[in-house]
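Rendered as structure tokens:
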């Protein structure tokens, strides 16, 4: 039985397993190319954002402010006043964005009765009004 299958494949017969193998290989190649593009884009973003004054977190969880960057991709981070660490640019895990202060709604603008009425009406719909 196996010899018949091999004979058909050798004679140029239709081989569905070969199509499956080629398809899987193509998917593998596409995924590899896509992954490399993603990594290179992340590295480019890292280079653009690494400027003196930027707040960062390293891979080991140390927070600091970028003080200086040299031509060999060494970054000096100030982690405390007067304490400077030298790390490689790839040791930076993420950039800390400054928090935006939002105004809190003014407390006490609603009376107790208004609050009770509002909460009582929230659970009602057409069926139980």
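In my numbering, the protein residues as written are 140 to 268.
C-beta atoms are modelled at their ideal positions from N, C-alpha and C, and glycine is treated no differently.
Just tell me which of the options has its CA closest to the CA of residue i.
{"i": "residue 230", "options": "221, 203 and 156", "result": "203"}
{"i": "residue 191", "options": "259, 251, 180 and 228", "result": "228"}
{"i": "residue 198", "options": "226, 167 and 171", "result": "226"}
{"i": "residue 221", "options": "253, 206, 173 and 232", "result": "206"}
{"i": "residue 182", "options": "166, 208, 261 and 232", "result": "232"}
Taking the straight line between their C-alpha atoms, what separation do you get for residue i and residue j?
{"i": "residue 255", "j": "residue 238", "result": "34 Å"}
{"i": "residue 82", "j": "residue 177", "result": "Since the first and last residues shown for the chain are 140 and 268, residue 82 lies out of range."}
{"i": "residue 154", "j": "residue 164", "result": "16 Å"}
{"i": "residue 236", "j": "residue 196", "result": "11 Å"}
{"i": "residue 156", "j": "residue 170", "result": "21 Å"}
{"i": "residue 179", "j": "residue 251", "result": "57 Å"}
{"i": "residue 280", "j": "residue 216", "result": "There is no way to answer for residue 280, as the model of the chain reaches only from 140 to 268."}
{"i": "residue 248", "j": "residue 175", "result": "55 Å"}
{"i": "residue 166", "j": "residue 261", "result": "52 Å"}
{"i": "residue 168", "j": "residue 158", "result": "15 Å"}
{"i": "residue 212", "j": "residue 258", "result": "58 Å"}
Taking Cβ to Cβ, would you say residue i is nearer than 8 Å to residue j?
{"i": "residue 201", "j": "residue 223", "result": "no"}
{"i": "residue 189", "j": "residue 214", "result": "yes"}
{"i": "residue 234", "j": "residue 186", "result": "no"}
What residues match up with residue i in a beta bridge as DSSP calls it?
{"i": "residue 233", "result": "196"}
{"i": "residue 225", "result": "215"}
{"i": "residue 257", "result": "In the DSSP output, where bridge partners are listed per residue, residue 257 has none listed."}
Would you list, in sequence order, the uninterrupted alpha helix (DSSP H) runs of no fewer than 4 residues that lie entirely inside the region 148-205?
155-188
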